[in-house]
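Chains as they are written, first to last, in the numbering used here: chain A, 1036 to 1297; chain B, 1036 to 1297; chain C, 1036 to 1297; chain D, 1036 to 1297.
Since the structure comes first, as structure tokens, the remarks are kept for the end.
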């Protein structure tokens, strides 16, 4: 029995999978390629610097050879950008190099927690939207910022669950609920998703998708972990579509208690 | 790609599924039968009073006709028992009526929260173990009680995540961790599992299985919800077998940050 | 302005302070004595072995000389007892040595987490109540056990917030709420209280008192930490007596928003 | 015994109290005045529209008559402002009317959750700092925004614990920790503080102060609740200054367990 769920529509493009994968930290491009296939993902984000634009140095420079553009939408990200200007420049370079005009906007001046800069992110988003980019901005779980970005024309908002690579799950639960309640574009929870249960919970709350990287990439068996996340995402989404009961204070008997077996 | 996980062994019997289902609250026996099939479960618990032992009154009295004993281990439960004596009597009646000599021991004198009685549960467990029953006791998340029960010879311990039917998930997380750390018998988290993410989390913590009832039985689409739980349980277990990373305080970059695209 | 709160009545004795202190882990008996005075406590628990009953060996053996029985009710505890028999014997020895006929019943066979044994605790409580002891049992946060103990005649129930010395605060919040709702005797939260905010929260939930030891005893300035806990306990209790508002999902403006300054 | 704590310095002005009070929602100006006195606060925030600048209509228009400027620093706030322009205009009007050149910057376009706008807040802060205002901005718990504001010259940052009036306490705990770790100006937790334990926890985490309004203003006994918050703030701060132990996984015995009473 298959667990089909509604498809996800971002900027007019349809995705059957609600799991987006990052490509950092894998032990090899081959390991990455296999995990992508196992995960069922249809959208894969790549740090622009890693992509084979310059052809120099990085052993992962040829990473694009391992991501079949017919199977996956390649989503360049601006990781490493410290401000709007750098992010915009990166996005333009990607297009010039033949990559899709989609961009995951990541601007994090802080090297310790890699938290996104709200001001620079909005500024870059406004520029890139005007230039015709499909913009998916990574943000703190800030409902007002999320609203402003969607008003500026971004294709999604991507609030964080907890800091990148922290594995702490949905520490921003309360704010995520508000973002989801108010969103008119898909909400993708990005960062901090360290376990399948975190991914399932995000979908159960009504998030439209999750982005996972570290937890799969550094697992001792990335393929199998990719499948675990795939299953959890489908489970969480299905539960959301069916509808989950509210939390109760008191118990509600599952077995009849009034009478008693003679 | 299938997400095979290690099988579960309870009292020498092997189970491929780590999802145990309850049979209360379904809208009809047919709905229950279909959800059992969809869930992939191999163990199903039935309140003894509902089973067709007396043949009287209850529209669900023929519930056993809907549970194929070749596909499922039928696990009679003593729900409704207020003390050890009543529970023991129920278990014996079940055997006398031809049911398996397995029993889910549930003794909850409190009608509001249906929380289990530790004293009566240990007393009944000692008696039933001596009589050759395979005993699976439902308990509060009490690590010392769990130890005493396993020393008394129970086949599992079944600590609660939160009160029955409350949908509050693993509110007893800290105690569950200790129980799992110290257990020499399988730990089954029972009660409070209201969403697939809760089930996944229990397995990720190292619980051996979960028991779910309300969340599936009262769902608008029990079949699909059963599959969602099945997927979540497999995802959580696979993640546990592979190994999950620890939670970090600081972020750990997934994309390289040192250099910058020229 | 003083923050007077209702007094606490345990077994017919009135206490103005709702903070009970333990005496372990202080750097010296003098440090302990001063912290007790600073805390405003009126009840102090002492491990029987440490009390000067045998007069041998332990540098703390003369601990009782530092606790003025006119200022504090001395509450002998049975810490170190592995079962009911040992606990009962300890309690009797204490009385024989002239200590009050009050006992904090602590039975924890497990050396790692020091969690209490529900079965032995109830057994010992029944015996000691019959012998005329005022019994204050330390228990897991188990609502059914709490009820059974109060039915057996204990003067309080003392559920844990989290394991002894863990500083994890009220990890058993949900169960504590149920215990408090159902209790007919005072509920004292014992163990795990590692910060003033934990103590305040326990009182806000409706707990009648808290027992604190480690957090004060090992502080770099035990006296000042004792005052901090005193303040927090009074604050939490006062808030409970006044009544706290429920948690809301949406914001509720504190400043008028409709009009605007011309 | 008094619980003296280090004084707080904001923009060169010293405050003995770390509790800042809001003035909305009180049942009368007299009730407000008495609660301010009871709380020990030295800084009081007033929505500009309420202050007697226009002298028209609002029964609270004379609120300033009830706040003695010799006892309290009056902190005008821009509540009701939808964008930077409105907020700046309000701040200037306040100064023109003779109020202090301090401003609590609040810009929340969203009427439901009253969450602050990061973009407009930074914009207004930059303008007001240049005009010589002492600026205390209310923000989401966004560490990067907090850094940018302090770089822009604000006197504090005031991240929210949870939405205004929600009583949900520190739902943004993880982000608050990062803000506190990185701050070079005082951090004041503002909004969501619904109980003394929440206030104590904020101070224990290292926040420099808290702002409380609803929980005191709508209490059945605002005076006494004000004292409860005062006590909790002092307790939390003292604990922070003394130093709290880390949370442990395992128990750490407070009573000696090795030997046993004869």
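Cβ coordinates follow ideal geometry from the N, Cα and C atoms, glycine included.
None of these values were measured; they are calculated from a predicted model.
Closer than 7 Å to chain D by CB, residue i
i                       : result
residue 1064 of chain C : no
residue 1038 of chain C : yes
residue 1042 of chain C : no
residue 1078 of chain C : no
residue 1133 of chain C : no
is_contact[residue i, chain B] using C-beta, thresh 7 Å
i                       : result
residue 1225 of chain C : no
residue 1274 of chain A : yes
residue 1213 of chain C : yes
residue 1047 of chain C : no
residue 1118 of chain C : no
residue 1271 of chain A : yes
residue 1236 of chain A : yes
residue 1283 of chain A : yes
Neighbour flag for residue i against chain C, beta carbons, 7 Å
i                       : result
residue 1067 of chain D : no
residue 1178 of chain B : yes
residue 1241 of chain D : no
residue 1175 of chain B : yes
Residue i versus residue j: straight-line alpha-carbon distance, rounded
i                       : j                       : result
residue 1265 of chain D : residue 1051 of chain D : 11 Å
residue 1105 of chain D : residue 1068 of chain D : 14 Å
residue 1215 of chain D : residue 1151 of chain B : 44 Å
residue 1235 of chain A : residue 1267 of chain C : 39 Å
residue 1061 of chain D : residue 1213 of chain A : 28 Å
residue 1185 of chain B : residue 1038 of chain D : 50 Å
residue 1137 of chain C : residue 1171 of chain C : 8 Å
residue 1053 of chain B : residue 1080 of chain A : 34 Å
residue 1040 of chain C : residue 1112 of chain D : 35 Å
residue 1077 of chain D : residue 1202 of chain D : 23 Å
residue 1043 of chain D : residue 1183 of chain D : 22 Å
residue 1192 of chain D : residue 1120 of chain A : 26 Å
residue 1199 of chain B : residue 1231 of chain A : 24 Å
residue 1160 of chain A : residue 1125 of chain A : 13 Å
residue 1132 of chain A : residue 1241 of chain B : 47 Å
residue 1217 of chain A : residue 1059 of chain C : 53 Å
residue 1220 of chain D : residue 1243 of chain D : 9 Å
residue 1269 of chain D : residue 1107 of chain C : 26 Å
residue 1247 of chain D : residue 1226 of chain D : 7 Å
Cutoff 7 Å: residue i Cβ touching any chain A Cβ
i                       : result
residue 1149 of chain D : no
residue 1209 of chain D : yes
residue 1263 of chain B : yes
residue 1102 of chain B : no
Residues near residue i by beta carbon distance below 7 Å, same chain, minus five either side
i                       : result
residue 1239 of chain D : 1271, 1274, 1275, 1279
residue 1143 of chain D : 1149, 1150, 1151, 1152
residue 1253 of chain D : 1060
Own chain residues within Cβ distance below 8 Å of residue i, not counting five before or after
i                       : result
residue 1087 of chain C : Residue placement at residue 1087 of chain C is poorly supported in this model, since its pLDDT is 48, which falls under 50; the coordinates are not used for a value here.
residue 1210 of chain D : 1176, 1177, 1178, 1194
residue 1294 of chain C : Residue confidence for residue 1294 of chain C is low, a pLDDT of 37 falling below 50, so the modelled location carries little weight; the figure read from the coordinates is stated next. No residues qualify anywhere along the chain.
residue 1237 of chain D : 1196, 1205, 1211, 1224, 1228, 1245, 1271
residue 1251 of chain B : 1056, 1070, 1074, 1257, 1260, 1261, 1264
residue 1164 of chain C : 1170, 1187, 1188, 1189
residue 1302 of chain D : Any property of residue 1302 of chain D remains undetermined from this structure, which presents chain D solely from 1036 to 1297.
Other residues of its chain near residue i: CB distance less than 6 Å, five sequence neighbours each side excluded
i                       : result
residue 1135 of chain A : 1109
residue 1118 of chain B : 1155
residue 1046 of chain A : 1169, 1190
Query raised in the report: Is the region 1171-1182 of chain D in contact with the region 1151-1164 of chain A, if contact means three or more CB pairs nearer than 8 Å?
Result: Judged by Cβ distances under 8 Å, the region 1171-1182 of chain D makes contact with the region 1151-1164 of chain A, as three or more pairs qualify.
Query raised in the report: For the region 1194-1207 of chain C, which residues have a beta carbon sitting closer than 9 Å to at least one beta carbon of chain B?
Result: Those residues of the region 1194-1207 of chain C that come within reach of chain B (Cβ to Cβ, closer than 9 Å) are 1197, 1198, 1201, 1203, 1206, 1207.
Query raised in the report: Just by C-beta distance, which residues in the region 1136-1160 of chain D are closer than 8 Å to chain A?
Result: Answer in chain order: 1143, 1144, 1145, 1148, 1150, 1151, 1152, 1153, 1154, 1157.
Query raised in the report: In chain order, what residues of the region 1245-1257 of chain A put their CB closer than 8 Å to some CB of chain B?
Result: If the cut-off is 8 Å between Cβ atoms, the region 1245-1257 of chain A has 1248, 1249, 1250, 1252, 1253, 1254, 1255, 1256 near chain B.
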